[in-house]
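Let me begin by presenting the structure, written as structure tokens, before commenting on it.
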Amino acid sequence: MLNQDIMREHYLSGFIYGNQFNGLSVTGVEGNRILLEKGQSLLDFTGQLGAVISGNGNKFINAYIQESLDRYGFVWEESLNEYREEAVRLIFSTIFKDEDWIQKIRFFVTGSEAVEGAILLAKEVTKREVILTHNYAYHGWTVEARNCSDFPEFGTVVDAQGSYKKAPKDKTEFFQYPFCSQCPFNKNYCECQASKELFCITKLREKICEIGPDNIAAVFCDCILGLAVITPPREYIRQFRALTQEYGILWIDDEIYSGFRTGHWLSYQQFEGIHPDIVCFGKGISNGTFPVSGIGISRKISEILELYKWQICSSFSSHPAGMAAICGNLKYIKDNKLIEHAKEKESIFFQKLMELKEKYECIGDIHGKGMFWGAEICKIVDGKNVPMMKEDRKIVLRKNQEYPLGVLRKICIENGLLIGGYVPNTIRISPSLTFEVDEIKTAFEILDKSIARFEQEIKEKNW
């Protein structure tokens, strides 16, 4: 029996108060299931924060890692080894195959570190200071990454009443990300679509002009949001890219969560002829087996760097085990056609989620691509779907406060399913791409059963 008392006494946890500790006591993994004590198991619909792509505990990938540790132990990146060479070759022959825009990649350890590197690089090569990012964004918890995130409580100490000291967001500006069903501009999508330019693009143009294009080092824009799980209308990304090119501003695309999940290696690839200037990747690049992240850099930026050296170093970037994890994972994804699998399964996820939306009043908007989906938990007010918890994506929870996703998640766990999400009213679904049709159907049967009970329970709560 795992001793949670030790964790309460001696481990400083994130996301919970003081000496609380109520995490799942996991004893192992088996396929797409998380094994718990007393013989219980959960079908994992989270992919462990989206990191597991090729199935948890994948023996093919693990064998690569074990071999690298047996041979190299640890050598830092001043020494070339065959795993890093192979990882770079595989990345360019799979993820970036037939793409001319990218020239170089750089490895880091965590997603936050990759974002940090991307921001520092953008500021250095442009000699500009301002980073423009959108609301609902999450890019990490380190200084620059947190500044570019719209969840200001990350990295702070939150008291029992939900109060915290906001970190200064020096040289960071925010714009409105398209969320058509809850449009803050009260626009109708059909009317907006008929105009020459989406209204949110017009507002972004105004923001750029207000700041001054010559002051902006880069703009963050994700093709699908990792934390908030919002998918923009298809024309948005094309118009966004045209706007950044018009004003000569770099585009940083954070693919750390959405990468590999949308039926493409990276989500920007669904838009033919469109690409960022810097792309961040992580999580699924190693199947979560070893912490690895990185950035891809355009030819234009790479040419600038040919004249200089980028004075940057991280002890464990390019760790042989991390490079081996990339090699094993990319080979497994390619050989088992997992990217194609995600694309093929998209219709099943959409169908099942729409069935839940039609069946339950508390399920609102559905959005996603491939095998990465979000569903809004809502209530009906004046004939419209509105977030069940009023604060929606802008809430900092107080001690012992319940919220819709947390209540539903608890019910799902009792029924044998692990669902994900961070914001109070949004279910996040991001399973391993190895989920077969029967497992997907089983997961949705459990989710269906859990929502039925959830609807009964929320009648007692004043949300």
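With the working numbering, letter number 200 in the sequence shown gets 1581, and the count goes up by one each step, no holes. By construction, the Cβ of each residue, glycine as well, lies at the ideal position given by its N, Cα and C atoms. Note that the coordinates shown come from a computational prediction; the quantities given were computed from them, not determined experimentally.
Check                                                                                                           : Outcome
Residue 1574 and residue 1565 closer than 9 Å at C-beta                                                         : no
Inter-residue Cα distance where the pair is residue 1751 and residue 1818                                       : 14 Å
Three CB pairs or more closer than 8 Å across the region 1732–1746 and the region 1709–1721                     : no
Beta strand (DSSP E) segment containing residue 1598, residue limits                                            : 1597–1601
Within 9 Å, strictly: CB atoms of residue 1656 and residue 1483                                                 : yes
Cα-Cα separation between residue 1419 and residue 1409, rounded to whole angstroms                              : 12 Å
Member of 1604, 1624, 1664 whose CA lies at the smallest distance from the CA of residue 1615                   : 1604
Residue 1695 versus residue 1489: straight-line alpha-carbon distance, rounded                                  : 7 Å
Residue 1671 vs residue 1476 beta-carbon contact at 9 Å                                                         : no
Touching by the beta-carbon criterion (3+ pairs, under 8 Å), the region 1626–1646 and the region 1584–1596      : yes
Contact under 9 Å by Cβ, residue 1523 with residue 1494                                                         : yes
Buried/exposed call for residue 1541, threshold 16 Cβ in 10 Å                                                   : exposed
Cα-Cα separation, residue 1433 to residue 1698                                                                  : 20 Å
Anticipated Cβ contact below 8 Å, residue 1783 with residue 1761, distance rounded                              : Between residue 1761 and residue 1783 the Cβ distance is about 21 Å, and since that is not below 8 Å, they are no contact.
Sheet register partners of residue 1801 (DSSP bridge)                                                           : 1809
Member of 1470, 1608, 1606, 1832 whose CA lies at the smallest distance from the CA of residue 1745             : 1832
Given 8 Å, three or more beta-carbon pairs between the region 1803–1810 and the region 1771–1780                : yes
Euclidean distance between Cα positions of residue 1691 and residue 1842                                        : 55 Å
Contact set for residue 1641: own chain, Cβ-Cβ below 6 Å, skip 5 residues either direction                      : 1434, 1665
Assumed close pair residue 1800, residue 1810 - CB separation to whole angstroms, cut-off 8 Å                   : 7 Å
Closest by C-alpha distance to residue 1862, when choosing among 1507, 1537, 1814                               : Given that the chain is displayed from residue 1382 to residue 1844, the structure contains no residue 1862 and the question cannot be resolved.
Sub-9 Å separation of residue 1609 and residue 1512 beta-carbons                                                : no
CB contact flag (residue 1503, residue 1658, <9 Å)                                                              : yes
Cβ-Cβ distance between residue 1707 and residue 1660 below 9 Å                                                  : no
8 Å contact criterion, which residue 1812 and residue 1479 should meet: CB distance rounded                     : With a Cβ gap of about 28 Å, residue 1812 and residue 1479 do not count as contacting.
Proximity below 9 Å, CB of residue 1437 to CB of residue 1413                                                   : yes
Simplified DSSP assignment, three categories, for residue 1559                                                  : coil
Contact check, residue 1486 vs residue 1675, beta carbons under 9 Å                                             : yes
7 Å Cβ shell around residue 1456 - same chain, five flanking residues per side excluded                         : 1462, 1701
Counted within 10 angstroms of its Cβ, other Cβ atoms place residue 1447 as buried (16 or more) or exposed      : exposed
Buried versus exposed call for residue 1383 [16 or more other C-beta atoms within 10 Å across all chains shown] : exposed
Reduced DSSP secondary structure (H/G/I, E/B, other) of residue 1507                                            : helix
Residue 1474 in three-state terms, based on DSSP                                                                : helix
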